[in-house]
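Take a look at the structure below.
Chains as they are written, first to last, in this note's numbering: chain A, 881 to 1106; chain B, 881 to 1106.
If you want it as structure tokens, here you go:
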């Protein structure tokens, strides 16, 4: 557990976000939650239609105390969610494989956030534009100001949903394996293999003129804090 | 889209797995689905209790046509799922950031699998042991034969659920951004930043004697096929 984190503001734990197991792994302050949300790239959106759960991976953005997801008005997910049903959005960062001396104590180091709530349709154009800015900047900070901005048609053709970041919790595991006392004597390598979501060399679009150089914000892009 | 994949066996599309949008991104053959499941490390398990959806990140294993998840009998997720409710398990591999010339056409390259079904409790000990083997080997191939095997108490204290891989689909996006025809003339860098879940140098457990060398299967561990 990182003990240097300073809680900035608390997200009051509710019945849904209170961790039932391993409560020491749970955190409820906004700084933890937002750090994880900002480092993640993809979220998993969970919702139910007629008792059938769906978990859909999708891009997202955050601006202030709001998480945004978007898509085509034809998307089954977005059509379902705009009816005001309950949603659960989870973002998981995988930090390492935890290799213990026993099979039983193998684990993973990770940071995850679970957000509960009801999404609402963003209809105001200025609000919608801010959400679209948050998507582009979430994928690649520095990108929004360089690319062609959404046209009125694109703005109208994008369905944006906002989920207030009111009921959320973070869960974090760090550090070495925890083995049973007797197992420390076993002649088995134990430790952590850290994992890092690393960018490789950018691949220019085949139609990109050679005269257009790679911008600095892409050259220095780094997602994982691991 | 990789066009070199050979379908091995088909998973018949159902109403839940048939992609409503961008159907060309959908694939239903076992080889695609299993390749993605085997490369993933964490899955997101979705289920509903009293209309409330939950999406929980967790480890998993695959053996044959079964996906396994596990945990403590005290886990809310596992207690809920063993009641035989519908579940949706999603595994997502993030392969790259797709940077288009317009904000609107930004996207991601990814491979994901969605599995629907009803999980059942694994009670037979041999079957349970095979599931535990699949968890350990999923985290680190080669690990199972080296570590201390589960004791009868550990076996009894682990709740294992099996989800048959009968209703599943894969969704894949590859390649450069697709921009509007007029936008190709814009002086904006466009292309893909590939992302790769890369292992960093293993960190030995602080309690590991220096005489225990790093095994070769950990030295050569590589998860991402990107």
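Glycine included, every Cβ here is placed at the ideal spot set by N, Cα and C. What you are looking at is a predicted structure, and each value in this text was computed from that prediction instead of being measured.
Taking a contact as a CB-CB distance under 8 Å, the pair residue 927 of chain A and residue 967 of chain A counts as one, their CB atoms being some 5 Å apart. Distance check between residue 1017 of chain A and each of A:933, A:894, A:1072, A:939 places A:939 closest, using alpha-carbon atoms only. When 7 Å is used as the limit between beta carbons, residue 1067 of chain B is near these residues of chain A: 1092, in chain order. The secondary-structure analysis by DSSP pairs residue 938 of chain A across a beta bridge with A:923. Distance from residue 1028 of chain B to residue 1063 of chain A at the Cβ level is roughly 6 Å; contact confirmed, criterion being Cβ atoms closer than 8 Å. The beta carbon of residue 932 of chain B falls within 7 Å of a beta carbon belonging to chain A, placing the residue at that interface. Under the three-state reduction of DSSP output, residue 1066 of chain A falls in the coil class, being neither helix nor strand. Contact annotation: residue 1092 of chain B and residue 1069 of chain A have beta-carbon atoms nearer than 7 Å. Below the 8 Å Cβ cutoff, chain A contributes 926, 932, 933, 934, 935 as neighbours of residue 968 of chain B, in chain order.
Residue 1050 of chain B is not a Cβ neighbour of residue 949 of chain B, given a cutoff of 7 Å. The beta carbon of residue 933 of chain B is closer than 8 Å to those of 926, 927 in its chain, skipping five residues each way along the sequence.
Beta-bridge partners assigned by DSSP to residue 1048 of chain A: A:995. In the DSSP annotation of this structure, the continuous segment of the alpha helix (DSSP H) that includes residue 1097 of chain A starts and ends at 1096-1099. At a Cβ-Cβ threshold of 7 Å, residue 1045 of chain B and residue 947 of chain B count as neighbours.
Separation of the CB atoms of residue 1030 of chain B and residue 983 of chain A is rounded to 6 Å, and the pair is thereby assigned contact status at 8 Å. Residue state for residue 913 of chain B is assigned as helix, using DSSP reduced to three classes.
By the criterion of a C-beta distance shorter than 7 Å, residue 1101 of chain B is surrounded in its chain by 1020, 1079, once the five residues flanking it on both sides are discounted. Residue contact check for residue 995 of chain B against chain A: no CB pair falls below 7 Å. About 6 Å separates the beta carbons of residue 1041 of chain B and residue 1001 of chain B, which is inside the 8 Å limit, making them a contact pair.
Listed in chain order, the non-local C-beta contacts of residue 945 of chain B below 6 Å within the same chain comprise 1045, local neighbours out to five positions each way being set aside.
When the Cα atoms are used, residue 1097 of chain A and residue 981 of chain B turn out to be separated by approximately 15 Å.
Here residue 1065 of chain A is exposed. Its C-beta has fewer than 16 other C-beta atoms within 10 Å. Taking the Cβ atoms as the reference, residue 979 of chain A lies roughly 7 Å from residue 1023 of chain B, within the contact range of under 8 Å. For the C-beta of residue 1070 of chain B, the chain A residues within less than 7 Å are, from N- to C-terminus, 1085, 1088. Under the Cβ criterion of 7 Å, residue 894 of chain B is not counted among the residues facing chain A. For the set A:1008, A:913, A:1055, the Cα lying nearest the Cα of residue 994 of chain A is the one of A:913. Cβ neighbours of residue 1056 of chain B within its own chain (closer than 8 Å, five residues either side excluded): 978, 1070, 1071, 1072. Taking 7 Å as the CB threshold, residue 1063 of chain B lines the interface with chain A. Under the DSSP assignment, residue 1018 of chain A falls in the alpha helix (DSSP H) whose first and last residues are 1005-1019. Neighbours of residue 1026 of chain A in chain B, taken as residues at a C-beta separation under 7 Å, are given in chain order as 1068. In chain order, 951, 1039 place their CB closer than 6 Å to the CB of residue 958 of chain A, counting only its own chain and leaving out the 5 sequence neighbours on each side. Residue 1037 of chain B sits away from residue 998 of chain B, with the two beta carbons spaced by 7 Å or more. When DSSP states are grouped into helix, strand and coil, residue 956 of chain B belongs to the helix group.
Close to residue 1057 of chain A, with beta-carbon spacing below 7 Å, are these residues of chain B in chain order: 1085. The beta carbon of residue 996 of chain A sits closer than 6 Å to those of 896, 968, 1047, all from its chain and outside the five residues before and after it, given in chain order.
Assignment of residue 1060 of chain A by DSSP, reduced to helix, strand and coil, places it in the coil class.
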